[in-house]
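Engineer: Okay, here's the structure, questions in a sec.
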């Protein structure tokens with residue numbers, strides 16, 4: 001059995017971005033969470049993605065600097081334009097407010 005789950009907290013580095021894909025029928029919200037590393041050894045910048053109605057809700061509610069706790073799973077993908085491999089967190093739940 002494989003387990004793919006991540007839970008972390010931090011602050012939004014910018015306001016979320018909301019776009020629509022698949023002929024403008026599916027909402028996608030993206031944002032980045034800054035998280036301090038243990039022992040003051042820098043900062044992690046974690047890319048996060050939410051989909052559909054939850055994406056629209058998060059895009060309306062979240063603002064730069066807000067503290068959030070993200071519960072989701074890791075997913076990787078290739079970026080041909082950047083010639084790199086990305087790992088992102090796909091949201092299942094975000095606690096905020």
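Residue numbers (the UniProt record's numbering): 1 to 97. C-beta atoms are modelled at their ideal positions from N, C-alpha and C, and glycine is treated no differently.
(1) Once the 5 residues before and after residue 92 are set aside, which same chain residues still bring their CB inside 6 Å of it?
(2) Would you check if the distance between the CB atom of residue 12 and the CB atom of residue 65 is smaller than 8 Å?
(3) Would you check if the distance between the CB atom of residue 88 and the CB atom of residue 48 is smaller than 8 Å?
(4) Can you tell me the Cα-Cα spacing of residue 85 and residue 46, whole angstroms?
(5) Can you find the residues in the same chain that come closer than 6 Å, C-beta to C-beta, to residue 9, ignoring five residues on each side of it along the sequence?
Structural biologist: The answer reads as follows:
(1) Position 92 of the chain shown, counted from the first residue, corresponds to residue 92. Cβ within range, chain order: 71 and 72.
(2) Against the chain shown, residue 12 aligns to sequence position 12. Against the chain shown, residue 65 aligns to sequence position 65. In contact: residue 12 and residue 65 (Cβ atoms closer than 8 Å).
(3) Position 88 of the chain shown holds residue 88. Position 48 of the chain shown holds residue 48. Contact: yes.
(4) Taking the first residue of the chain shown as 1, we reach residue 85 at position 85. Taking the first residue of the chain shown as 1, we reach residue 46 at position 46. Each residue's Cα considered, the two are about 14 Å apart.
(5) To locate residue 9, count along the chain shown from 1; it is residue 9. Contacts found: 69.
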